[in-house]
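Student:
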Amino acid sequence: MKPDKKTGLALTLLAALAAPLPAPAAAPAQVTVSIAGFAYGPAGLTVRPGTEVTWINHDQVPHTVTSRTGKPLASPALDTDDRYSHTFTQAGDFEYYCTVHPFMSGVVHVRQ
């Protein structure tokens, strides 16, 4: 016995609804670096490409987040509770420091 068109359509619809749904895309990772006590914390971190890193200045004096060589990090002077964010898109090691207090330094390692 051959199913009629309505039954066939209903079975097709049920099969489609029962199929597993694709997993939602993972949200981009976010990491926070605190600036406190004249230091970046953590001073070194390893992230994947696509990760957004946000630096927050908790000190009472201004600080910057500036690449040691070239780009990509070039924050303005961050006052208390100011934030600076950058999304790392390529693998590599990104050293940075504070132009106001050059003894402050950190590094972001971006790995696949």
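In terms of the working numbering, the sequence shown opens at residue 3 and continues consecutively.
Ideal Cβ positions, reconstructed from N, Cα and C, are used throughout, including at glycine.
Only a predicted model underlies this, so the values are computations on that prediction, with no experimental measurement involved.
Within this structure, are the beta carbons of residue 83 and residue 59 separated by less than 8 angstroms?
Tutor: In this structure, residue 83 lies near residue 59, with their beta-carbon atoms less than 8 angstroms apart.
Student: Drop a sphere of 10 angstroms on the beta-carbon of residue 15, count the other beta-carbons inside from all chains shown, and report buried for 16 or more, exposed for fewer.
Tutor: Any reading at residue 15 is ruled out, since the residue's pLDDT is 42, under 50, leaving its predicted position unreliable.
Student: Report yes if the C-beta distance between residue 79 and residue 69 is below 8 angstroms; otherwise report no.
Tutor: no
Student: Could you check whether residue 40 and residue 88 sit closer than 8 angstroms to each other, using their CB atoms as the reference points?
Tutor: no
Student: Which residue wins for smallest C-alpha separation from residue 112, given the options 99, 106, 73, 91?
Tutor: 91
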